[in-house]
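Okay, structure first, notes after.
Number of protein chains: 2
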Amino acid sequence: MKASGFFINTLKDAPADAEIASHQLMLRAGMIRRVAGGIYTYMPLGLRAVRKIEVIVREEMNRAGALELLMPAVQPAELWQESQRWTQYGPELLRLKDRHQREFVIGPTHEEVITDIARKEIKSYRQMPVTFYQIQTKFRDEIRPRFGVMRGREFIMKDAYSFDQDKAGLEHSYQQMYEAYGRIFKRLGLVFRAVAADNGSIGGSGSHEFHVIADTGEDAIAYCPASDYAANVEAADALPLIEQRGEPQATLTKVATPNAEKCEKVAAILGVSLEHTVKSIVLAIDANAEVDASPLTPQGSGGSTPQIWLLLLRGDHTLNEVKLGKLPGATGYRLASEAEIIECFGTRPGYLGPIGTPKSVKVFADRTVAKMSDFIVGANEAGFHLTGVNWGRDLPEPVVADLRNVVAGDPSPDGKGALAICRGIEVGHVFQLGTRYSQALGATYLDESGKAQPMVMGCYGIGISRILGAAIEQNFDARGIIWPEAMAPFEVVICPIGYERSETVRMAAQGVYAKLLEMGIDVILDDRGERPGVMFADWELIGVPHRLVISERGLKESQFEYQGRRDAQPTLVEMTAAPELICAKIRAAFEY
Amino acid sequence: MKASGFFINTLKDAPADAEIASHQLMLRAGMIRRVAGGIYTYMPLGLRAVRKIEVIVREEMNRAGALELLMPAVQPAELWQESQRWTQYGPELLRLKDRHQREFVIGPTHEEVITDIARKEIKSYRQMPVTFYQIQTKFRDEIRPRFGVMRGREFIMKDAYSFDQDKAGLEHSYQQMYEAYGRIFKRLGLVFRAVAADNGSIGGSGSHEFHVIADTGEDAIAYCPASDYAANVEAADALPLIEQRGEPQATLTKVATPNAEKCEKVAAILGVSLEHTVKSIVLAIDANAEVDASPLTPQGSGGSTPQIWLLLLRGDHTLNEVKLGKLPGATGYRLASEAEIIECFGTRPGYLGPIGTPKSVKVFADRTVAKMSDFIVGANEAGFHLTGVNWGRDLPEPVVADLRNVVAGDPSPDGKGALAICRGIEVGHVFQLGTRYSQALGATYLDESGKAQPMVMGCYGIGISRILGAAIEQNFDARGIIWPEAMAPFEVVICPIGYERSETVRMAAQGVYAKLLEMGIDVILDDRGERPGVMFADWELIGVPHRLVISERGLKESQFEYQGRRDAQPTLVEMTAAPELICAKIRAAFEY
Chain A
48 MKASGFFINT LKDAPADAEI ASHQLMLRAG MIRRVAGGIY TYMPLGLRAV RKIEVIVREE
108 MNRAGALELL MPAVQPAELW QESQRWTQYG PELLRLKDRH QREFVIGPTH EEVITDIARK
168 EIKSYRQMPV TFYQIQTKFR DEIRPRFGVM RGREFIMKDA YSFDQDKAGL EHSYQQMYEA
228 YGRIFKRLGL VFRAVAADNG SIGGSGSHEF HVIADTGEDA IAYCPASDYA ANVEAADALP
288 LIEQRGEPQA TLTKVATPNA EKCEKVAAIL GVSLEHTVKS IVLAIDANAE VDASPLTPQG
348 SGGSTPQIWL LLLRGDHTLN EVKLGKLPGA TGYRLASEAE IIECFGTRPG YLGPIGTPKS
408 VKVFADRTVA KMSDFIVGAN EAGFHLTGVN WGRDLPEPVV ADLRNVVAGD PSPDGKGALA
468 ICRGIEVGHV FQLGTRYSQA LGATYLDESG KAQPMVMGCY GIGISRILGA AIEQNFDARG
528 IIWPEAMAPF EVVICPIGYE RSETVRMAAQ GVYAKLLEMG IDVILDDRGE RPGVMFADWE
588 LIGVPHRLVI SERGLKESQF EYQGRRDAQP TLVEMTAAPE LICAKIRAAF EY
Chain B
48 MKASGFFINT LKDAPADAEI ASHQLMLRAG MIRRVAGGIY TYMPLGLRAV RKIEVIVREE
108 MNRAGALELL MPAVQPAELW QESQRWTQYG PELLRLKDRH QREFVIGPTH EEVITDIARK
168 EIKSYRQMPV TFYQIQTKFR DEIRPRFGVM RGREFIMKDA YSFDQDKAGL EHSYQQMYEA
228 YGRIFKRLGL VFRAVAADNG SIGGSGSHEF HVIADTGEDA IAYCPASDYA ANVEAADALP
288 LIEQRGEPQA TLTKVATPNA EKCEKVAAIL GVSLEHTVKS IVLAIDANAE VDASPLTPQG
348 SGGSTPQIWL LLLRGDHTLN EVKLGKLPGA TGYRLASEAE IIECFGTRPG YLGPIGTPKS
408 VKVFADRTVA KMSDFIVGAN EAGFHLTGVN WGRDLPEPVV ADLRNVVAGD PSPDGKGALA
468 ICRGIEVGHV FQLGTRYSQA LGATYLDESG KAQPMVMGCY GIGISRILGA AIEQNFDARG
528 IIWPEAMAPF EVVICPIGYE RSETVRMAAQ GVYAKLLEMG IDVILDDRGE RPGVMFADWE
588 LIGVPHRLVI SERGLKESQF EYQGRRDAQP TLVEMTAAPE LICAKIRAAF EY
């Protein structure tokens, strides 16, 4: 491709409403243009990247045995009524009426349509397993679309759906998709993690999210750099940080800690590290309580007296509500009110502790706290703490539970090293749906004994347009985007200095351009005759990973100037060696 | 691809509402499945054909220098209001409201969006010419969707839009697209014609339709098999069928022709061929008449006396209303009423003629009639005709005009042979839009002198999904579809007889399958273990163009059985020669 026959329109500044780097850079590079809120046109530059992603996704789906089809964007309401999602789905579901006043939706997802196809097409166990996929434009009417293609309203998805006879079949189909997803993100040149995830609203059990790692990601992920372990921080297992509890060394002592309601303050006053302190969190469990949306909001107690729980965490740790919610009997927990605390502990929050509490209080210690010795807790007396506290000697052994969020440096639950914490952008999701949709829509097959059984389904999504944004969030600098080769709009740009003026430069540029094309490299020759500063700024902003500069000065020495997009400095290369050098670099990038 | 890993689901019968062959066959072959009226899922088999069409379209668009982008399906109402089409477009425009009650449409076409992009991105004459295209799902809310993908509501289009500085630039861009369209339909292996067309509602001037020739087509096309000439029958030039008028031979004679109000009857009574008769059509032209939607409906005359026109056509010819409408002064013409005719001609219709009519009657003779001699007309007396009529001698020379529809055998207007008439299915359309949209939306650029000028636009559509139906209408038989190689879901099918039973058959089948794959052939191996009858019927219905049958009997002679989809009989081929034979046949099909 020659730049003169392409459409390049870079901008100095991004519109003010572009909040994050990928959105700003895609607009500035001219990859997308806004048509309406959350609705974009992919300009030729942006679409080249989209298509490269699609090719890789398609190849890996096919390799995994999935069959491509194409379902309609406009779906009849009847199918959504059958699945109950017509009422369950919120205003994100864009509904409309045709000229005959029949109701339709613009599909945000296709479980209903594919299940309708399956119930009509699949009659026998012999027709399974089968996995269908499509790459298609979808619509989700986000209340506040933002971040460009990262959370747009109209977006491009790859969605796949597997149909199996039973749970074992589903698990096999799921595993195949899981592996295909790994290959896809690897081939795309992205640093990513497959993260065990709780299921969202789709229902069913067993799911993983695929996250592209980026500082700007919405989700916190705990992972082990030495292994494949990864989980949302909320779901990651927190192991005890102390292997074996030490013998008591200190005497139980009450010390004055005026105005020290936080562990940090206590540690500072006593001149010890925060890791010797233990914080107390008091919960109230109302009898017959309903699950509340935000259970950590203190509330007045109900009619009957609530049960009081005391949670003990190390001073530097934080409570994990997801784990807390899974403790037996925790349904309907809430933070105890100050009145309840004073009634139970005889003092106000800030000086609470497990020693001398009423027997009715149930004490839970986090796994780490349970292994501590000579630790510090509140004295249940305002302005005082107890030091040298030891389990067994000074208070009974506690109920032990995993109560805290993991932190960087924690041992990995798989025993293979220490956890790191990073942020991620979800670009893929694999789900074991089970029979949620096949039962709702009556999608059954006849098993070997001729009995009708519901098909067992999985669903598997990749946000194609979202990958663009995520890849940029992971790969950019002050000058612009740094595309991984696999999805770069162009792999190489040739920047000739004095293209219009110098016959020598023009000939050399056209020569190496032709050679690179012949080698199958996706190269663009900047024949616009722009000044070097403009050319370099454009292509650095656009993020082409390899650049070859051709100048009269260099040609005198038979040399080109090569610079990788991440290189600090250019390198001189022999003219004749340049194509092979670039080819080798690109080949290396594609090896995975 | 192996059939066991694919999804094949053929039907014995098509649903009753499938009216035409392509719709029936696509359903029976399992290429599409209905989701709602005019809304289909492309099953894996159908999508393979779609994707092959898309690849060819994309290649030729790129070759013509067009740049691919992707505009959104959901478009804001504001753009349609700017172009006035929000009110002009009928109920085919699917309108909807988002959660904030803002109005949108699902785009049936993208003139507004692309013009919006152009006005924001193109500032200078230096940025043109440029042609953008996309391949995208569109929606048109047809009142009565029918014929499957031929007139669906949701459909796949390639639409392109060119932007030029002036009319000359537009004509160049138009020509490039015109040529690209020719290459596309040729490469697809379709018999087609580019037909000069009147513009439809889009407005502007200069347009061609591309028609796939098929007996079931909606449009009648006159074309010259010896040249590229083609036009809609309504627009085709009808040349005189007589080169030079003969000298009068016969005497003007009044003959009795009782009950002969039609030329056919007159010719029969007189024992002459229809080509000697001339029919009279009487029109009334009302003064200051408005153009009427159906002008050939007789109406009572208005306040003032209408002008009477007498049109003369050869007995076997038919009047062309489009041509009539273009005669100077024809605005507001209508068929004269019987009262008007009797008042003017003194007799009732059926026996009218140009001799002895009042001077106020304007006589128009079709080009052929004007060259006739010794012809027959009505005598303006009930039950009588005149024979031996000659121009100049018996009546004054007429005003000559092209008034008739062409018929098969007419000389081609380009002088290169005789016209044939066929029926066609419109699959493409190229338009010179001009400044219709750039003026409405204010899409201007600065010319070389720095003056703002409206961009001059062209638009170019191809109905990707419609091509599927059209290709089938052109290529099918009683057994099913006969795909052109270029868009066949598979190019070759290997049908092994006794695949599960016979190790020899299995080995041979897998061997030739591997060999064909290696040669880059798109081959499917039917490893389902079905009986030969089922296998053959399936693949003939699906329309795979080449078939290789492998049986134990053949293998004894080291032979396979080859049969092209159009071949009446199979041919025996040496096992070792089979791959090369098939490869050669497919290569030949792709040569264009």
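First to last, the sequence lines map onto chains A and B.
For the first sequence, the residue numbers in our numbering are 48 to 639.
For the second sequence, the residue numbers in our numbering are 48 to 639.
C-beta: ideal position from N, C-alpha, C; glycine also.
Note that the structure is a prediction, hence the values are computed from the model and not measured.
Residue ranges of each beta strand (DSSP E) within the stretch 493-545 of chain A, 3 or longer
Runs of the beta strand (DSSP E) inside the stretch 493-545 of chain A: 499-501, 503-510 and 539-543.
Can you say whether A:Ala50 is buried or exposed, counting buried as having 16 or more other CB atoms within 10 angstroms of its CB?
For the purposes of this step, residue 50 of chain A is taken as residue 3 along the first sequence, with counting starting at 1. Under this definition A:Ala50 is a buried residue.
Is there contact between the stretch 287-300 of chain B and the stretch 485-492 of chain B, where contact requires at least three CB pairs shorter than 8 Å?
In this structure the stretch 287-300 of chain B does not lie against the stretch 485-492 of chain B, because fewer than three pairs of beta carbons, one per stretch, are closer than 8 Å.
Identify the continuous alpha helix (DSSP H) that holds B:Gly229 and give its terminal residues.
Taking the first residue of the second sequence as 1, we reach residue 229 of chain B at position 182. Note, B:Gly229: alpha helix (DSSP H), Lys214 to Arg234.
B:His476 - DSSP class collapsed to helix/strand/coil
Along the second sequence, read from residue 1 onward, the residue named residue 476 of chain B stands at position 429. Secondary structure at B:His476: strand, using DSSP grouped into helix, strand and coil.
Please identify, using Cβ separations under 7 Å, the residues of the stretch 133-151 of chain A that lie next to chain B, in order along the chain.
The stretch 133-151 of chain A vs chain B, Cβ under 7 Å: Pro138, Leu141, Leu143, Asp145 and Arg146.
B:Met502 to B:Gly137, Cα distance in whole Å?
By 1-based counting over the second sequence, the position of residue 502 of chain B is 455. By 1-based counting over the second sequence, the position of residue 137 of chain B is 90. Taking C-alpha positions only, B:Met502 is separated from B:Gly137 by approximately 27 Å.
What is the DSSP secondary structure of A:Ile164, counted as helix, strand or coil?
Residue mapping note: residue 164 of chain A aligns to position 117 of the first sequence, counting from 1. Assigned with DSSP and collapsed to three states, A:Ile164 falls in helix.
Could you tell me which chain A residues have their CB closer than 7 Å to the CB of B:Val177, listed as they occur along the chain?
The residue you call residue 177 of chain B lines up with position 130 of the second sequence. Going along chain A in sequence order, the residues near B:Val177 (Cβ under 7 Å) are Phe54.
Just to confirm my understanding: we take B:Phe537, look at its own chain, exclude 5 residues before and 5 after, and list those with CB closer than 6 Å. What are they?
Within the second sequence, the letter at position 490 stands for residue 537 of chain B. Asp569, Ile571 and Val591, listed in sequence order.
Compute the beta-carbon to beta-carbon distance between A:Leu366 and A:Ile328, rounded to the nearest angstrom, for a pair I have assumed lies under 8 Å.
If you number the first sequence from 1, residue 366 of chain A lands on position 319. If you number the first sequence from 1, residue 328 of chain A lands on position 281. Your pair A:Leu366 and A:Ile328 checks out as a contact, with CB atoms roughly 6 Å apart and the cut at 8 Å.
Thinking C-beta only, is B:Ala307 closer than 9 Å to B:Ala467?
Residue mapping note: residue 467 of chain B aligns to position 420 of the second sequence, counting from 1. Residue mapping note: residue 307 of chain B aligns to position 260 of the second sequence, counting from 1. Contact flag unset, no.
B:Leu114 in three-state terms, based on DSSP
Taking the second sequence and counting its residues from 1, one reaches residue 114 of chain B at position 67. If DSSP states are grouped into helix, strand and coil, B:Leu114 belongs with the strands.
Starting from the beta carbon of B:Phe210, find every residue of chain A whose beta carbon is closer than 7 Å, and list them in chain order.
Mapped onto the second sequence, residue 210 of chain B falls at position 163. Per Cβ cutoff of 7 Å: no residues; B:Phe210 is ~10 Å from chain A at best.
In chain order, what residues of the same chain have a beta carbon less than 6 Å from the beta carbon of B:Pro617, not counting five sequence neighbours either side?
Residue 617 of chain B sits at position 570 when you count from the first residue of the second sequence. Correct list, in chain order: Glu608 and Gln610.
Please state whether DSSP places A:Ile633 in a helix, a strand or coil.
One-based indexing of the first sequence puts residue 633 of chain A at position 586. Of the three classes helix, strand and coil, the one that applies to A:Ile633 here is helix, per DSSP.
Can you list, in chain order, the residues of its chain whose CB lies under 8 Å from that of A:Gln291, leaving out five sequence neighbours each side?
Residue 291 of chain A sits at position 244 when you count from the first residue of the first sequence. Cβ contact annotation for A:Gln291 (same chain, cutoff 8 Å, sequence separation greater than five): Lys418, in chain order.
Closest residue to A:Gln181 among A:Val104, A:Gly435, A:Tyr172 and A:Gly439 (Cα-Cα distance)
Counted from its first residue, the first sequence places residue 181 of chain A at position 134. Nearest of A:Val104, A:Gly435, A:Tyr172 and A:Gly439 to A:Gln181, Cα basis: A:Val104.
Short CB-CB distance (under 9 Å) between B:Arg98 and chain A:
As a working note, residue 98 of chain B is residue 51 in the second sequence. With 9 Å as the cut-off, B:Arg98 counts as an interface residue toward chain A.
Report yes if the C-beta distance between A:Gly397 and A:Lys309 is below 9 Å; otherwise report no.
As a first step, residue 397 of chain A is located in the first sequence; it is residue number 350 there, counting from the start. As a first step, residue 309 of chain A is located in the first sequence; it is residue number 262 there, counting from the start. Yes.
Name the DSSP bridge partner or partners of B:Ile328?
For the purposes of this step, residue 328 of chain B is identified with residue 281 of the second sequence, where counting begins at 1. B:Leu358.
Under 9 Å between the Cβ atoms of B:Val474 and B:Ala517?
In the second sequence, counting from the first residue as 1, residue 474 of chain B sits at position 427. In the second sequence, counting from the first residue as 1, residue 517 of chain B sits at position 470. In contact: B:Val474 and B:Ala517 (Cβ atoms closer than 9 Å).
Here's the rule: buried if 16 or more other CB atoms are within 10 angstroms of the residue's CB, otherwise exposed. What is B:Pro119?
Along the second sequence, one-based indexing puts residue 119 of chain B at 72. Result: buried.
Does the beta carbon of B:Glu704 sit closer than 9 Å to a beta carbon anywhere in chain A?
For chain B, the structure presents residues 48 to 639; residue 704 of chain B sits outside this window and is missing.
Kindly indicate if chain B contains any beta-carbon less than 9 Å away from that of A:Asp339.
The sequence position of residue 339 of chain A within the first sequence is 292, counting from 1. Confidence at A:Asp339 is low in this model, with a pLDDT of 44, below 50, so the placement of that residue should be treated as unreliable; the coordinate-derived value is given next. Taking Cβ atoms only, chain B never reaches closer than 9 Å to A:Asp339, which makes this a no.
Using beta carbons (cut-off 9 Å, strictly below), is B:Arg200 in contact with chain A?
Reading the second sequence from its first residue, position 153 is the one you call residue 200 of chain B. Closer than 9 Å to some Cβ of chain A, the Cβ of B:Arg200 qualifies, so yes.
Give the secondary structure of A:Tyr270 by DSSP, where H, G and I count as helix, E and B as strand, and everything else as coil.
For the purposes of this step, residue 270 of chain A is taken as residue 223 along the first sequence, with counting starting at 1. In the three-state reduction of the DSSP assignment, A:Tyr270 falls in the strand class, which pools E and B.
Through-space distance from A:Phe637 to A:Arg95, alpha-carbon basis:
Your numbering for residue 95 of chain A matches position 48 in the first sequence. Your numbering for residue 637 of chain A matches position 590 in the first sequence. Cα to Cα, the separation comes out at about 17 Å.
Roughly how many whole angstroms lie between the Cα atoms of B:Cys495 and B:Ser254?
Within the second sequence, numbered from 1, the residue matching residue 495 of chain B stands at position 448. Within the second sequence, numbered from 1, the residue matching residue 254 of chain B stands at position 207. According to the sequence provided, residue 495 of chain B is Glu. The question's Cys does not apply to it. Straight-line Cα distance between these residues: approximately 29 Å.
Take every Cβ of the stretch 381-395 of chain B, pair it with every Cβ of the stretch 351-363 of chain B, and state whether three or more of those distances are shorter than 8 Å.
Between the stretch 381-395 of chain B and the stretch 351-363 of chain B, the count of Cβ pairs shorter than 8 Å is three or higher; the stretches touch.
Check whether the Cβ atoms of B:Pro176 and B:Ser130 lie closer than 9 Å to each other.
The residue you call residue 176 of chain B lines up with position 129 of the second sequence. The residue you call residue 130 of chain B lines up with position 83 of the second sequence. Their beta carbons are not under 9 Å apart, which means B:Pro176 does not touch B:Ser130 by this criterion.
May I have the straight-line CA-CA distance separating B:Ala340 from B:Arg381, to the nearest angstrom?
Within the second sequence, the letter at position 293 stands for residue 340 of chain B. Within the second sequence, the letter at position 334 stands for residue 381 of chain B. Per-residue confidence for B:Ala340 stands at a pLDDT of 41, beneath the threshold of 50, marking its modelled position as unreliable; the derived number appears in the next sentence. Their backbone Cα atoms lie some 11 Å apart in a straight line.
Show which residues of chain B have a CB atom less than 8 Å away from the CB atom of A:Arg80.
Stepping through the first sequence from its first residue, residue 80 of chain A is reached at position 33. Result: Ile164, Lys167 and Glu168.
Please list, in chain order, all residues of the same chain as B:Gly456 whose beta carbon is under 6 Å from its beta carbon, the five residues on each side excluded.
Counting from one through the second sequence, the residue named residue 456 of chain B turns up at place 409. Only Ala465 meet the Cβ criterion.
From what residue to what residue does the beta strand (DSSP E) around A:Asp206 run?
Mapped onto the first sequence, residue 206 of chain A falls at position 159. Element bounds for A:Asp206: Glu201 to Asp211.
Judging by CA-CA distance, which residue of A:Arg166, A:Glu106 and A:Thr57 is the nearest neighbour of A:Gln500?
Taking the first sequence and counting its residues from 1, the one referred to as residue 500 of chain A is at position 453. Measuring from the Cα of A:Gln500, the nearest candidate turns out to be A:Arg166.
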